[in-house]
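In what follows, a single structure is set out as structure tokens and then discussed.
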Amino acid sequence: NAGVMQNPRHLVRRRGQEARLRCSPMKGHSHVYWYRQLPEEGLKFMVYLQKENIIDESGMPKERFSAEFPKEGPSILRIQQVVRGDSAAYFCASSPSERVSGQPQHFGDGTRLSIL
Amino acid sequence: GENVEQHPSTLSVQEGDSAVIKCTYSDSASNYFPWYKQELGKGPQLIIDIRSNVGEKKDQRIAVTLNKTAKHFSLHITETQPEDSAVYFCAVQGNIQGAQKLVFGQGTRLTINP
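Here it is in structure tokens:
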């Protein structure tokens, strides 16, 4: 999955701490998507961003979760006051901007978040 | 919203045989159908995709068929090899601008027995 870079690959936090997950899209891609995967389950959409804009956050929990994709720098998924249920793999995907729909989304290798 | 069902959840085949994984979806407006392969500790890797104006697409040992009327699509892997062992996910995307999220199936764990 070279191209979409996520860091850190593994993140351990204690309950109540904050988690920050970073994603750099593939070169030339301006659309970023975040998905969450629980063990033995499929990926669930969280949020879709373009530079400086949140386009669709219908999958994002209303509290404690936020995402941004600034003009400069990576996209950030931020989880405040983490709880055990936040333990999961978080994947970022990116796609090019030329097409409105049917754009292949390319995934990074994810951040495995563990809450103690 | 869109609902995607994937079957089977596990599949074991002998090396050299074929494997078929099927998905059904609920929203007839969906128009993009990718398949991903996920290996342990890795992110999903796009292996093939199909758009709604096409009924079948093939890439070497991998093919995908789409039946828009019945709202189902299938992944076919022929001449399976041990390196095909992985979890496979189907996904569906709508055609509404701004609503480009992928809705994934539950996954199929494919094991190729040597």
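Listed in order, the protein sequences are those of chains A and B. End of the first sequence = 116 in the numbering used here, gap-free, step of one. End of the second sequence = 230 in the numbering used here, gap-free, step of one. Where is the CB? At the ideal position from N, CA and C, for every residue including glycine. Source: prediction; values computed, not measured.
Asked, Found
"Using alpha carbons as the reference points, say which of B:D200, B:D165, B:W151, B:I164 lies closest to L43 of chain A.", "B:W151"
"By Cβ distance, which residues of its chain are closer than 8 Å to N1 of chain A, with the 5 residues on each side in sequence left out?", "Any reading at N1 of chain A is ruled out, since the residue's pLDDT is 47, under 50, leaving its predicted position unreliable."
"Which residues in chain B sit within 8 Å of P104 of chain A, going by Cβ to Cβ distance?", "P150, L162, D165"
"Which residues bound the beta strand (DSSP E) around V4 of chain A?", "Unbroken run through V4 of chain A: none, as it is neither H nor E."
"At what residues does the beta strand (DSSP E) containing A135 of chain B begin and finish?", "135–141"
"Closer than 8 Å, CB to CB, is K138 of chain B near chain A or not?", "no"
"Measure the beta-carbon distance from Y33 of chain A to A89 of chain A and round it to whole angstroms, keeping in mind my assumption that it falls under 8 Å.", "Contact doesn't hold; Cβ gap of about 14 Å is too wide."
"Measure the alpha-carbon distance for D165 of chain B versus K173 of chain B and round it to whole angstroms.", "8 Å"
"What are the boundary residues of the beta strand (DSSP E) that includes M46 of chain A?", "43–50"
"According to the Cβ coordinates, are F220 of chain B and A202 of chain B closer than 8 Å?", "no"
"Output the boundary residues of the beta strand (DSSP E) element that contains Q123 of chain B.", "Per the sequence shown, residue 123 of chain B should be read as His rather than Gln. Segment 120–123, the beta strand (DSSP E) holding H123 of chain B."
"Short check: CB of G223 of chain B to CB of E118 of chain B, under 8 Å?", "no"
"Out of curiosity, what's the CA-to-CA distance linking I228 of chain B and S168 of chain B?", "30 Å"
"If G16 of chain A and P96 of chain A are in contact, beta carbons under 8 Å, what's the gap, nearest whole angstrom?", "Not really, about 39 Å apart at Cβ, beyond 8 Å."
"Within the 8 Å Cβ cut-off, does V219 of chain B reach chain A?", "yes"
"Work out the CA separation of N147 of chain B and R84 of chain A for me, nearest whole Å.", "37 Å"
"Near P160 of chain B, what residues of its chain come up, given a Cβ to Cβ distance below 8 Å and the 5 sequence neighbours on each side ignored?", "Y152, K153, Q154, F205"
"Which residues of the stretch 82–97 of chain A have a Cβ closer than 7 Å to any Cβ of chain B? Give them in chain order.", "F91"
"Count the other C-beta atoms from every protein chain shown that fall within 10 angstroms of the C-beta of R177 of chain B, then say buried if there are 16 or more, exposed otherwise.", "exposed"
"Could you tell me which residues DSSP puts in a beta bridge with E172 of chain B?", "B:T181"
"Since T111 of chain A and Q37 of chain A are thought to touch, with beta carbons under 8 Å apart, how far apart are those beta carbons, to the nearest angstrom?", "T111 of chain A to Q37 of chain A, Cβ: 11 Å. No contact."
"Going along the chain, which residues of its own chain have a beta-carbon closer than 7 Å to the beta-carbon of R64 of chain A, five neighbours each way excluded?", "I79, Q80, Q81"
"Once the 5 residues before and after P230 of chain B are set aside, which same chain residues still bring their CB inside 7 Å of it?", "E131, P198"
"If distances are taken between C-alpha atoms only, which option among A:R13, A:P39, A:E41, A:L49 comes closest to S24 of chain A?", "A:L49"
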